[in-house]
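> Position one of the sequence shown corresponds to residue 990 (my numbering), numbered consecutively onward.
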Amino acid sequence: MRKLFLIPILLICMVGAAFAADYPDHPIRLIVPQAAGSATDNAARLLAAVLSQELQQQVIVDDRPGGALTLGLDLVAKSEPDGYTIGMGPIGALAITRHIVKKLPYNIERDFQPIALVTRGHLLLAVSPTLPVKSVKELIAYAKAHPGKLSNASSSNGSPGHVGAELFKFMTGTNIVHVPYRGGALAIQDLIAGRVDLMFESLQSIAPIAHAGKVHALGVSGLKRSPAFPDLPTIAEAGVPGYAAPTWTGVIAPAGVPRPIVDKLNAAINKALTAPAFKEKFAKTGDEAGGGTPEEFAATIKADSAKWADVIKRADIHF
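(1) Could you give the uninterrupted runs of the beta strand (DSSP E) lying entirely in the segment 1096-1153, keeping only those of 3 residues or more?
(2) Going along the chain, which unbroken runs of the alpha helix (DSSP H) with 4 or more residues stay wholly within the segment 1213-1300?
(3) Which of the three DSSP states is assigned to HIS1167 in this structure?
(4) By the 10 Å Cβ neighbour count, where 16 or more other Cβ atoms means buried, how is GLY1239 classified, buried or exposed?
(5) Closer than 6 angstroms by C-beta to LEU1262: which residues in its own chain qualify, once you throw out the five before and the five after it? Chain order, please.
(6) Quick one: what does DSSP say SER1041 is sitting in, helix, strand or coil?
(7) Under 9 angstroms, do VAL1107 and MET1077 count as touching if we go by C-beta distance?
(8) Between the beta-carbon of ALA1066 and the beta-carbon of ALA1199, is there less than 9 angstroms?
(9) With a threshold of 16 other CB atoms inside 10 Å of the CB of LYS1253, please say whether the residue is buried or exposed.
(10) Give, in chain order, every unbroken run of the beta strand (DSSP E) that is at least 3 residues long and sits entirely within the segment 1171-1195.
(11) Quick check on GLY1147: buried or exposed, where buried means 16 or more other Cβ atoms within 10 Å of its Cβ?
(12) Measuring CB to CB, does ILE1195 end up less than 9 angstroms from VAL1204?
(13) I'd like the span of the beta strand (DSSP E) that includes ALA1206, first residue to last.
(14) Do the segment 1204-1223 and the segment 1056-1065 meet, that is, are 3 or more Cβ pairs less than 8 angstroms apart?
(15) Among residues of its own chain, excluding the 5 on either side of GLY1086, which ones have a beta-carbon nearer than 6 angstroms to its beta-carbon?
(16) Could you pull the DSSP bridge partners for ARG1018 from this structure?
(17) Less than 8 angstroms between the CB atoms is what I'm expecting for LEU1192 and THR1274, so what's the real figure, rounded?
(18) Which residue's Cα is closest to the Cα of GLU1269: PRO1249, ALA1217, ALA1304 and THR1282?
(19) On the three-state DSSP scale, how would you describe PRO1197?
(20) Within 10 angstroms of its Cβ, does ALA1256 collect 16 or more other Cβ (buried), or is it exposed?
(21) I'd like the span of the alpha helix (DSSP H) that includes ASP1063, first residue to last.
(22) Using the rule of at least 16 other Cβ atoms within 10 Å of the residue's Cβ for burial, across every protein chain shown, is PRO1094 buried or exposed?
(23) If you count every other CB in all the chains shown that lies within 10 Å of the CB of ARG1109, and 16 or more means buried, which is it?
(24) Can you list, in chain order, the residues of its chain with a C-beta nearer than 6 angstroms to that of SER1145? Leave out the 5 residues immediately preceding and following it.
(25) Looking at the strands, I want to know which residues DSSP matches up with PRO1079.
(26) Could you name the residues of the same chain whose beta carbon sits closer than 8 angstroms to that of LEU1000, not counting the 5 residues immediately before and after it, in chain order?
(27) Per DSSP, what kind of secondary structure is ALA1025 in: helix, strand or coil?
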């Protein structure tokens, strides 16, 4: 009986291995749940270019923004689990908006297979050049002296920058007004002009502006300093002990993709992250390579989902 029980399992493994041996034999679609020019789209296009070489098959980026990141993810969830439709899964889509959108068309744990983390990054806390503060401690003091008078821009409601700022306000006891925009570019322009006072924004989007001195950078949100801003403290170092709001983006697939294909994609992504193109990009923006196993990526999603669920509940953020 034991041998009879093992036969189906062995057959499944053999079929999966056969699929992986031929995979990929036609182009792969990489769905991005955000618009062209976004930080996630930029990472996807760089990854697609390098992965196309690694897999010897074209990887085509397909931007599908909308629905607070749910439109693109829903397309991934409902695709055939054959490895030919994969998606970019940013922290916003996998760990944040799931607690804001009342009814998601998918279940993240049930309907997705994590493949690999691609980037680990930071939010940059930056203030307008018109605001008379030069450090995180000065910002906190100024906000407490002017409750409700400062404005905090974000690229959208429920974005990493939005919830990162809410965590900052909780931990510092400050009253700062949130001003959501439709995209980070407009918010950054208003920050430069002084129409808003501060912003927590992805380094991929705001690093060039900060390096040019058009805004004042006060700190980064991760657990350690950014390689692109080695002299800039973390927000925790700068006056908010325990503060951490790192960002990340990874690749996901529909649940049910055969494990040999998952492993092949994972290995290709890990190798791609060592390419000179990625190293050059990370050096400019301050993000870092992700990598690791599918299980490690799943653990990251689970941990950050729990963290941001608590922040979102306290801030009463909802659509």
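C-beta: ideal position from N, C-alpha, C; glycine also.
The answer reads as follows:
(1) You should have 1101-1110, 1112-1116 and 1140-1143.
(2) Within the segment 1213-1300, the runs of alpha helix (DSSP H) at least 4 residues long that lie entirely inside it are, in chain order, 1248-1261 and 1265-1274.
(3) DSSP places HIS1167 in strand when its eight states are reduced to three.
(4) Buried, since its Cβ has 16 or more Cβ neighbours within 10 Å.
(5) Excluding positions up to five away in sequence, the list reads ALA1278 and GLY1280.
(6) DSSP places SER1041 within a helical segment (H, G or I) once states are collapsed to three.
(7) Between VAL1107 and MET1077, the C-beta spacing is below 9 angstroms.
(8) Going by C-beta atoms, ALA1066 is not nearer than 9 angstroms to ALA1199.
(9) LYS1253 is buried by the Cβ-count criterion.
(10) Restricted to the segment 1171-1195, the beta strand (DSSP E) segments that are unbroken, complete and at least 3 residues in length are 1187-1191, listed in chain order.
(11) Answer is buried; the Cβ neighbour count reaches 16.
(12) For the pair ILE1195 and VAL1204, the CB atoms are nearer than the 9 angstroms cut-off.
(13) Per DSSP, ALA1206 is one residue of the beta strand (DSSP E) stretching across 1205-1209.
(14) Proximity of the segment 1204-1223 to the segment 1056-1065 falls short of the contact definition, fewer than three beta-carbon pairs being nearer than 8 angstroms.
(15) Just to set this straight, residue 1086 is Thr in the shown sequence, not Gly. Taken in chain order, the residues that qualify are ALA1057, LEU1058 and GLY1147.
(16) Beta-bridge analysis with DSSP links ARG1018 to ILE1049 and THR1074.
(17) 5 angstroms between Cβ atoms; contact.
(18) Among PRO1249, ALA1217, ALA1304 and THR1282, the Cα nearest to that of GLU1269 is on ALA1217.
(19) Here PRO1197 sits in helix by DSSP.
(20) Exposed, because fewer than 16 other Cβ atoms sit within 10 Å of the Cβ of ALA1256.
(21) The continuous alpha helix (DSSP H) containing ASP1063 extends over residues 1059-1066.
(22) Burial state of PRO1094 is exposed, judged by a 10 Å Cβ sphere holding fewer than 16 other Cβ atoms.
(23) With 16 or more other Cβ atoms within 10 Å, it is buried.
(24) For SER1145, the CB contacts under 6 angstroms within the same chain, skipping 5 residues up- and downstream, are PRO1169 in chain order.
(25) Under DSSP, PRO1079 takes part in a beta bridge, and its partners are THR1238.
(26) The predicted position of LEU1000 is uncertain, since its pLDDT is 49 and thus under 50; no value can be drawn from it.
(27) Three-state DSSP puts ALA1025 in coil, outside helix and strand.
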